[in-house]
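> Quick note, the sequence shown lines up with residues 1374 to 1592 if you use my numbering. Positions of the beta carbon are idealized from the N, C-alpha and C atoms, including for glycine.
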Amino acid sequence: MTLRHYDRYGGRKGRYKLGFKRILELFDPWEHRTLQFRDEWSQDLWLLRRSDLTVKSIVVDPKPLEYLSLGIRRRGVADLAIEVPRGTVYEALGRGPDASDAECHAELHRAAELHGVRSSVVPLAELRGRSNLIQNMEHVRQVLVMWHDRDLSAVQHGVLDALKGGALTRVALRAELSEQAGEAAVQGLDAAIFRLHFSRQVRVDLDGRYDDDCVIHRL
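1. Distance check for HIS1570 and GLU1480, CA to CA, integer angstroms please.
2. Go through the segment 1483-1541 residue by residue and report every complete run of the alpha helix (DSSP H) that reaches 4 residues or more, in order.
3. Along the beta strand (DSSP E) that carries VAL1433, what are the first and last residues, could you check?
4. Quick check on the DSSP output: the beta strand (DSSP E) that includes ALA1558 runs from which residue to which?
5. Compute the minimum distance between the beta carbon of GLY1581 and the heavy atoms of the ligand MN, and state whether it is under 6 Å.
6. Between the segment 1518-1525 and the segment 1406-1421, can you find at least three pairs of beta-carbon atoms closer than 8 Å?
7. Have a look at GLN1560 and VAL1575 and give me their C-alpha separation to the nearest angstrom.
8. Are the CB atoms of ILE1431 and ILE1396 within a distance shorter than 7 Å?
9. Looking at ASN1509 and LEU1592, is the spacing between their C-beta atoms short of 7 Å?
10. Count the other CB atoms within 10 Å of the CB of ILE1589; is the residue buried (16 or more) or exposed (fewer)?
11. Quick check on DSSP: helix, strand or coil for GLN1409?
12. Could you check where the alpha helix (DSSP H) with ASP1563 kicks off and where it finishes?
13. I'd like to check one pair, SER1415 with ASP1474: are the Cβ atoms closer than 7 Å?
14. Flag this pair as yes or no: are the beta carbons of GLY1531 and LEU1550 separated by less than 7 Å?
15. List the residues that DSSP assigns as beta-bridge partners of SER1442.
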């Protein structure tokens, strides 16, 4: 597993420049497996979609959807296959404005239609516009990986009990847990909060800043 920072390739803008051919590998703490991405774009798209609580599972670099057109075998290629309550969505990134890119996307839409699934193309501008959420999601992922094999049920119960009286900031929640049960009660606090968030027991605004002043709500 390799943890990467968003300033490594020239900051957020540099992250979307062409010419960085490599395979990125990371551990997915939601589905408990190692994933490989062809570039930062597909990695960021995965992080963006992982923030959606309705997503059941995501396949990275899924098997192409094949179909025949005038006797020629064609393939619809996607970056992700996303399982949601209404079915599966094959999603590709719009990496450039050139005609070949558009042709590939047309083939994906046609293949998806013939296979009875949905498809979509996400422009890079959408990733740039959600950079704070993507950055927060990478932090969430790293925290969940760090505490992946640890039992945090006691901390999670403590968080839920502390929030019975209403929403609290992260710093206030930490102080209350520490006062009630000592420092041991706040070990792995962020991981406990994130686990509860993705199990829909608490809510954290991951589009905003995740710091001491962020507010945690019980659902």
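Inspection of the coordinates gives the following:
1. Between the alpha carbons of GLU1480 and HIS1570 lies a gap of roughly 37 Å.
2. Along the length of the segment 1483-1541, whole alpha helix (DSSP H) runs at least 4 residues long occupy 1497-1502, 1504-1519 and 1526-1535, reported in chain order.
3. Residues 1430-1433.
4. First-last for ALA1558: undefined, no H or E at that position.
5. No copy of the ligand MN occurs in the structure displayed, which carries no ligand at all.
6. Because the criterion of three Cβ pairs below 8 Å is not met, the segment 1406-1421 and the segment 1518-1525 do not touch.
7. Taking the straight line from one Cα to the other gives about 18 Å.
8. No, they are not a contact pair.
9. In this structure, LEU1592 keeps its C-beta atom at 7 Å or more from the C-beta atom of ASN1509.
10. By the 16-neighbour rule on beta-carbons within 10 angstroms, ILE1589 is buried.
11. For GLN1409, the secondary structure class from DSSP, reduced to helix, strand or coil, is strand.
12. First-last of the alpha helix (DSSP H) with ASP1563: 1562-1571.
13. Not a contact, by the Cβ cut-off of 7 Å.
14. Taking 7 Å as the Cβ cut-off, GLY1531 and LEU1550 qualify as a contacting pair.
15. Among the bridge pairs identified by DSSP, SER1442 is matched with ILE1445.
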